[in-house]
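Q: If you scroll down you'll find the structure; I have some questions about it.
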Amino acid sequence: MLSLLLSTIIFTFILFDKATARRRKCPDGFWKEDAIIQALMENYTKILPEIEDAVQVDVEIHVQDVSALNEITADFNVDILYTQLWNDQSLSFANYNACKRNITMESKFITHIWTPNTCIINAKRTMIHASPTDNIMVILYENGTIWVNYRMSVKAPCDLDLRIFPFDTQSCTLRFESYSHNKDEVTLRWMKNAITLMKPVQLPDFDLVCYRTNNETILYPNGYWDQLQVIFTFKRRYGFYILQAYIPTYLTIIVSWVGFCMEPKALPARTTVGVSSLLALTFQFGNILKNLPRVSYIKAMDVWMLGCITFVFCTIVELAFVCFITRCFGGNLKKKITRKQRQCKQHRSQQLCLSSVSPNTNDIYHRPDCLSRKVTNFDVDGLFTSEKATYPNRYSGKRSLLTIDIRPETVDKLSLVCFPLAFTLFNLVYWWYYLFSTLEHSGGMTE
Numbered sequence: 000m001l002s003l004l005l006s007t008i009i010f011t012f013i014l015f016d017k018a019t020a021r022r023r024k025c026p027d028g029f030w031k032e033d034a035i036i037q038a039l040m041e042n043y044t045k046i047l048p049e050i051e052d053a054v055q056v057d058v059e060i061h062v063q064d065v066s067a068l069n070e071i072t073a074d075f076n077v078d079i080l081y082t083q084l085w086n087d088q089s090l091s092f093a094n095y096n097a098c099k100r101n102i103t104m105e106s107k108f109i110t111h112i113w114t115p116n117t118c119i120i121n122a123k124r125t126m127i128h129a130s131p132t133d134n135i136m137v138i139l140y141e142n143g144t145i146w147v148n149y150r151m152s153v154k155a156p157c158d159l160d161l162r163i164f165p166f167d168t169q170s171c172t173l174r175f176e177s178y179s180h181n182k183d184e185v186t187l188r189w190m191k192n193a194i195t196l197m198k199p200v201q202l203p204d205f206d207l208v209c210y211r212t213n214n215e216t217i218l219y220p221n222g223y224w225d226q227l228q229v230i231f232t233f234k235r236r237y238g239f240y241i242l243q244a245y246i247p248t249y250l251t252i253i254v255s256w257v258g259f260c261m262e263p264k265a266l267p268a269r270t271t272v273g274v275s276s277l278l279a280l281t282f283q284f285g286n287i288l289k290n291l292p293r294v295s296y297i298k299a300m301d302v303w304m305l306g307c308i309t310f311v312f313c314t315i316v317e318l319a320f321v322c323f324i325t326r327c328f329g330g331n332l333k334k335k336i337t338r339k340q341r342q343c344k345q346h347r348s349q350q351l352c353l354s355s356v357s358p359n360t361n362d363i364y365h366r367p368d369c370l371s372r373k374v375t376n377f378d379v380d381g382l383f384t385s386e387k388a389t390y391p392n393r394y395s396g397k398r399s400l401l402t403i404d405i406r407p408e409t410v411d412k413l414s415l416v417c418f419p420l421a422f423t424l425f426n427l428v429y430w431w432y433y434l435f436s437t438l439e440h441s442g443g444m445t446e
């Protein structure tokens, strides 16, 4: 029992001794951190390091989160850990007898040394987080290499192309340059693993499908500048628009066809159905457009909504045509046709009587059936004139026009077949074209 207690005490003392050794200050004869920094900064000047070639700056990015992509302002918000690495031999302490090979400095140290002054040249807004102090990490290595990391929030522009909205794919770019030094003084390059996602990026409207880096040389009036680019590609989640735009418009179009099944005389009900469908589509279209920028080109959603509005408008035009036919067949036109037919019958009867009269006018008294009829508007002087000049021809064009039979029920039956067929054809062309365009955009993206 005593030996067990003694062993425990010895083991605890060893652990305590090791823990104390980790926190132990540099032993005598070694340079302390503050002494090294003080010695380095005595003769240091904030100028470009004197080397034969340009100062090489290595850059990498850790993406913490992408919080939003706004179509109205054409930008996106991203939180990143931005790291840059370069060498300054004026800050090398390899010849000092230091107990550490690297020194972690406070953030304000960065203001006392030369920096390549790299920036996100196309950023709309950049903010370094402070929680509670500035989130800047500076490490100085014994060979003079400086490692600087910033935790920042960036709002940068996106190149929006909404031609196939809501099946579109958008690209947003961050561009890094040295604001103060051209390519002859500072060169920028990406590290081996330049871009890292710290967690999967999830947005309500978009999926981050790929990201890639690029390096370009940009010409300015003062020379050539190195520019590093990171391009984020987002694909829109169109499930929301399927539920909120496409399915409701399908239902609205089908409801507008219900009027074809109603009686032609039910004009108030059919008018209510048509106008209500048109107003519903107009409201849906406006609700979608208010969340999009005002662009001059035609979008896929515009084609769909305008096509659906056209179909509903055509149903209202068909209703107006049916109303016209119903009024004509039920009123004035029908009366005119009946009166014309009655006059034609009277002329035929008179023609039969006259055809039986001989040149001797006395023979007319031998036809009591003709005498018993009351003949009006009859010209005796023209008794033996030509029939073509007196009576209408039964094969004339006016007679044939009166026999045309266009009934409202027939128009409704044709519309009930033609409208769905035309809408089906419109769907086939629309979905084939825009889904094919979506596949083309997806095929061109590589992670």
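Its first residue numbered 0, the sequence shown is counted upward by one per residue in numbering that gives the first Met the number 0. Where a beta carbon is used, it is the ideal one built from N, C-alpha and C, also for glycine.
For Val274, which three-state DSSP category applies?
A: It is helical.
Q: Taking DSSP as the reference, what is the three-state secondary structure of Leu447?
A: Given a span of 0 to 446 for the chain in the structure shown, any question on residue 447 remains unanswerable.
Q: Does the beta-carbon of His111 have 16 or more other beta-carbons within 10 angstroms, so that it is buried, or is it exposed?
A: Per the 10 Å Cβ criterion, exposed.
Q: What would DSSP say about Val54, mapped onto helix, strand or coil?
A: Strand.
Q: Give the single residue among Val294, Phe164, Glu141, Met190 whose Cα lies nearest to the Cα of Asn94.
A: With distances taken between Cα atoms, Asn94 lies closest to Glu141.
Q: Under DSSP, the alpha helix (DSSP H) around Met40 begins and ends at which residues?
A: Note, Met40: alpha helix (DSSP H), 32 to 41.
Q: Going by the CB atoms, is the gap between Ile308 and Leu266 shorter than 9 Å?
A: No, these two residues do not count as a Cβ contact at 9 Å.
Q: Taking the beta carbon of Arg406 as the centre, do at least 16 other beta carbons fall within 10 Å, making it buried, or is it exposed?
A: Classification of Arg406: exposed, given that the 10 Å Cβ count is below 16.
Q: State the DSSP-derived secondary structure class of Pro156, mapped to helix, strand or coil.
A: Three-state result, Pro156: strand.
Q: Within 10 angstroms of the Cβ of His365, are there 16 or more other Cβ atoms? Answer buried if so, exposed if not.
A: In this prediction, His365 has a pLDDT of 46, which is less than 50 and means its spatial position is unreliable; what the coordinates show is noted afterwards. His365 comes out exposed.
Q: Could you round the C-beta distance between Thr168 and Ile230 to whole angstroms and report it? I think they count as a contact, below 8 Å.
A: The pair is not a contact, with the Cβ atoms about 12 Å apart (cut-off 8 Å).
Q: With a 10 Å radius around its C-beta and 16 neighbouring C-beta atoms as the bar for buried, classify Ser295 as buried or exposed.
A: By the 10 Å Cβ count, Ser295 comes out exposed.
Q: From the DSSP secondary-structure annotation, give me the bridge partner or partners of Leu149.
A: Checking the sequence, you will find Tyr at residue 149 rather than Leu. BP columns for Tyr149 point to Tyr81, Ile135.
Q: Where does the unbroken beta strand (DSSP E) through Tyr210 begin, and where does it stop?
A: It spans 205 to 219 - the beta strand (DSSP E) in which Tyr210 sits, taken as one unbroken run.
Q: Could you please give me the residues that DSSP links to Arg124 through a beta bridge?
A: Lys154.
Q: Pick helix, strand or coil for Leu447, following the three-state DSSP scheme.
A: Residue coverage of the chain in this structure runs from 0 to 446, which leaves residue 447 outside it and unanswerable.
Q: Under DSSP, the beta strand (DSSP E) around Tyr245 begins and ends at which residues?
A: Where Tyr245 is concerned, there is no enclosing beta strand (DSSP E), given that its DSSP letter is neither H nor E.
Q: Are there 16 or more other CB atoms within 10 angstroms of the CB of Lys397, so buried, or fewer, so exposed?
A: Because Lys397 carries a pLDDT of 45, less than 50, the predicted location of this residue cannot be relied on, and the following value inherits that uncertainty. By the 10 Å Cβ count, Lys397 comes out exposed.
Q: Which of helix, strand or coil does DSSP assign to Asn101?
A: Three-state DSSP puts Asn101 in a strand.
Q: Can you have a look at Asp225 and say buried or exposed, based on whether 16 or more other CB atoms are within 10 angstroms of its CB?
A: Burial call: buried.
Q: Could you tell me the boundaries of the beta strand (DSSP E) in which Phe231 lies?
A: First-last of the beta strand (DSSP E) with Phe231: 222 to 235.
Q: Run through DSSP, which three-state label would Glu70 get?
A: Looking at Glu70 - three-state DSSP - the assignment turns out to be coil, as it is neither helix nor strand.
Q: For Asn69, which option in Leu413, Pro292, Tyr210 has the closest C-alpha, if you only look at C-alpha atoms?
A: Closest option to Asn69, Cα to Cα, is Pro292.
Q: Measuring CB atoms only, is the segment 202 to 211 touching the segment 35 to 54, in the sense that at least three cross pairs come out at less than 8 Å?
A: Touching, no.
Q: Please list, in chain order, all residues of the same chain as Leu139 whose beta carbon is under 7 Å from its beta carbon, the five residues on each side excluded.
A: Leu90, Asn101, Ile102, Met104, Ile145.
Q: For Val153 versus Met136, is the C-beta spacing smaller than 9 Å?
A: In this structure, Met136 does not lie closer than 9 Å to Val153 by Cβ.
Q: Decide yes or no for the touch test of the segment 72 to 92 against the segment 52 to 60: beta carbon pairs closer than 8 Å, at least 3 of them.
A: Counting Cβ pairs under 8 Å, three or more are found: they touch.
Q: Determine the burial state of Gly238: buried for a count of at least 16 other Cβ atoms within 10 Å of its Cβ, exposed for fewer.
A: Under this definition Gly238 is an exposed residue.
Q: Going by C-alpha distance, which of Lys123, Arg188, Glu317 is nearest Thr72?
A: Ranking Lys123, Arg188, Glu317 by Cα distance to Thr72 puts Lys123 first.
Q: Measuring CB to CB, does Phe310 end up less than 9 Å from Ser275?
A: No.
Q: From Tyr219 to Lys182, what distance separates their C-alpha atoms?
A: Using only the alpha carbons, I get a separation of about 11 Å.
Q: For Cys98 versus Trp30, is the C-beta distance shorter than 9 Å?
A: Closer than 9 Å, so yes.
Q: Tell me the DSSP secondary structure of Asn359 in three-state form.
A: Low confidence applies here, because Asn359 scores a pLDDT of 48, under 50, leaving its location unreliable; read the following figure in that light. Reduced to three states, the DSSP call for Asn359 is coil.
Q: How should Tyr210 be labelled, buried or exposed, when 16 other C-beta atoms within 10 angstroms of its C-beta is the threshold for buried?
A: By the neighbour-count rule (16 or more Cβ atoms within 10 Å), Tyr210 is buried.
Q: For the candidate residues Ala299, Phe435, Leu318, Val321, whose alpha-carbon lies nearest to that of Asp160?
A: Comparing Cα positions, the closest option is Ala299.
Q: Taking only three categories from DSSP, how would you classify Ile308?
A: Helix, per DSSP.
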